[in-house]
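These notes concern the structure reproduced below.
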Ligand code: C2E
Ligand code: MG
Ligand code: MG
Ligand code: MG
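Residue numbers (this note's numbering): 84 to 373.
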């Protein structure tokens, strides 16, 4: 017996149908049981203030500890989760777990850290999302100002009053919004103008080619300048080298995230990483200028 699942979904005003092949279907059913079997966990990647070297917060990223496959990257399963709608319960788990974790940080080094959570377009539009976020904040005791919701450009749909309203309500609660992977999706500059966002994340695909790739340099320069003039805080993501960091810092990026500083890590490793930084607070820059 070959079993397939046809998924009908609505995107950019058009109804699409996609047949999920048997392999994906099996994968989807495993994915569905992963929450109940507690196979998901979060890792956290520090986001650092470029100028002061202070830590602003962390981005929470999901990992799947699969019984046979080992740790599965979200790149491999977020797509299927979105197609099947599983992203809604999965995203709910992520939000709750991330807020719970951040609220549990009571030591001085972490008490003000923000936590950024990736929210998929479907999740943003799911009924009761705002009420759900509000409940999670209440139950975990995390103050709204410490939560950043990261949305990719695909979350912003033209003439989508429900999505826009949801973002506004989140903002009114005090939650911060970040536009993730900027410049790679169906970018529309009107979104940048209209969305009440706080952070703009320059995608790694640009950062990877800095410095030296003239066209990526030009696009990055333009994104940073535009973002700054619209009062976004600019976050550079995927920074792996000193040369990339120097270039982005000189452009005036506010925050930085990347393997050069820290890889995403489980909560206990994050604690150790922060303690290690506190033990050696003198930045190299300061040591030389002193
Ligand atoms: P993203 O939100 O843009 O997250 C940043 C990704 O870049 C993460 O990959 C992170 O590990 C990776 N990264 C950060 N710095 C560097 C670097 O210096 N070099 C390289 N090569 N990579 C770097 P990750 O954790 O594999 O996540 C991939 C994507 O999966 C995320 O991209 C996000 O779109 C999605 N994702 C992850 N967790 C969640 C989640 O809980 N919910 C939803 N809806 N999506 C998620
Ligand atoms: Mg993100
Ligand atoms: Mg990103
Ligand atoms: Mg990215």
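No residue lacks a Cβ here, since even glycine has one placed at the ideal position from N, Cα and C.
Since the model is a prediction, treat every value here as computed from it, not as a measurement.
Contact belief for residue i with residue j at Cβ below 8 Å, rounded distance in angstroms
{"i": "residue 336", "j": "residue 133", "result": "6 Å"}
{"i": "residue 213", "j": "residue 252", "result": "5 Å"}
{"i": "residue 330", "j": "residue 279", "result": "29 Å between Cβ atoms; not a contact."}
{"i": "residue 216", "j": "residue 178", "result": "7 Å"}
{"i": "residue 267", "j": "residue 244", "result": "That pair is no contact at about 25 Å."}
{"i": "residue 261", "j": "residue 129", "result": "Actually they are not in contact, since the Cβ atoms of residue 261 and residue 129 sit about 15 Å apart, beyond 8 Å."}
Residue i versus residue j: straight-line alpha-carbon distance, rounded
{"i": "residue 166", "j": "residue 112", "result": "13 Å"}
{"i": "residue 276", "j": "residue 218", "result": "30 Å"}
{"i": "residue 236", "j": "residue 150", "result": "33 Å"}
{"i": "residue 290", "j": "residue 334", "result": "12 Å"}
{"i": "residue 164", "j": "residue 152", "result": "17 Å"}
{"i": "residue 160", "j": "residue 125", "result": "15 Å"}
{"i": "residue 357", "j": "residue 242", "result": "43 Å"}
{"i": "residue 353", "j": "residue 127", "result": "7 Å"}
{"i": "residue 210", "j": "residue 361", "result": "43 Å"}
{"i": "residue 115", "j": "residue 173", "result": "9 Å"}
{"i": "residue 118", "j": "residue 176", "result": "8 Å"}
{"i": "residue 367", "j": "residue 343", "result": "Note on residue 367: pLDDT 47, under 50, position unreliable in the model; the coordinate value appears next. Near 15 Å, if we compare the C-alpha coordinates of residue 343 and residue 367."}
{"i": "residue 234", "j": "residue 204", "result": "7 Å"}
{"i": "residue 303", "j": "residue 201", "result": "22 Å"}
{"i": "residue 292", "j": "residue 317", "result": "18 Å"}
{"i": "residue 308", "j": "residue 315", "result": "10 Å"}
{"i": "residue 313", "j": "residue 347", "result": "29 Å"}
{"i": "residue 273", "j": "residue 246", "result": "15 Å"}
{"i": "residue 158", "j": "residue 325", "result": "26 Å"}
{"i": "residue 298", "j": "residue 189", "result": "45 Å"}
{"i": "residue 120", "j": "residue 148", "result": "10 Å"}
Distance CB(residue i)-CB(residue j) smaller than 8 Å
{"i": "residue 142", "j": "residue 199", "result": "yes"}
{"i": "residue 171", "j": "residue 122", "result": "no"}
{"i": "residue 257", "j": "residue 283", "result": "no"}
{"i": "residue 259", "j": "residue 281", "result": "yes"}
{"i": "residue 144", "j": "residue 182", "result": "no"}
{"i": "residue 340", "j": "residue 322", "result": "yes"}
{"i": "residue 138", "j": "residue 196", "result": "yes"}
{"i": "residue 239", "j": "residue 306", "result": "no"}
heavy atom of ligand 1 below 7 Å from residue i C-beta
{"i": "residue 161", "result": "yes"}
{"i": "residue 144", "result": "yes"}
{"i": "residue 156", "result": "yes"}
{"i": "residue 342", "result": "yes"}
{"i": "residue 263", "result": "yes"}
{"i": "residue 201", "result": "yes"}
{"i": "residue 122", "result": "no"}
Endpoints, the alpha helix (DSSP H) within which residue i is located
{"i": "residue 176", "result": "170-186"}
{"i": "residue 293", "result": "Segment: none, residue 293 is in no alpha helix (DSSP H) and carries neither H nor E."}
{"i": "residue 310", "result": "297-312"}
{"i": "residue 241", "result": "Taken as a continuous stretch (DSSP letters only), residue 241 belongs to no alpha helix (DSSP H), as it is neither H nor E."}
{"i": "residue 333", "result": "325-334"}
{"i": "residue 361", "result": "350-362"}
{"i": "residue 227", "result": "No alpha helix (DSSP H) contains residue 227, which DSSP labels as neither H nor E."}
{"i": "residue 206", "result": "204-208"}
{"i": "residue 165", "result": "157-167"}
Residue i: first and last residue of the uninterrupted beta strand (DSSP E) it sits in
{"i": "residue 263", "result": "259-265"}
{"i": "residue 129", "result": "123-132"}
{"i": "residue 338", "result": "338-340"}
{"i": "residue 198", "result": "197-201"}
{"i": "residue 282", "result": "282-285"}
Residue i: CB within 7 Å of a non-hydrogen atom of ligand 3
{"i": "residue 197", "result": "no"}
{"i": "residue 222", "result": "no"}
{"i": "residue 259", "result": "no"}
{"i": "residue 320", "result": "yes"}
{"i": "residue 311", "result": "no"}
{"i": "residue 284", "result": "yes"}
Ligand 2 heavy atom lying under 7 Å from the CB of residue i
{"i": "residue 115", "result": "no"}
{"i": "residue 165", "result": "no"}
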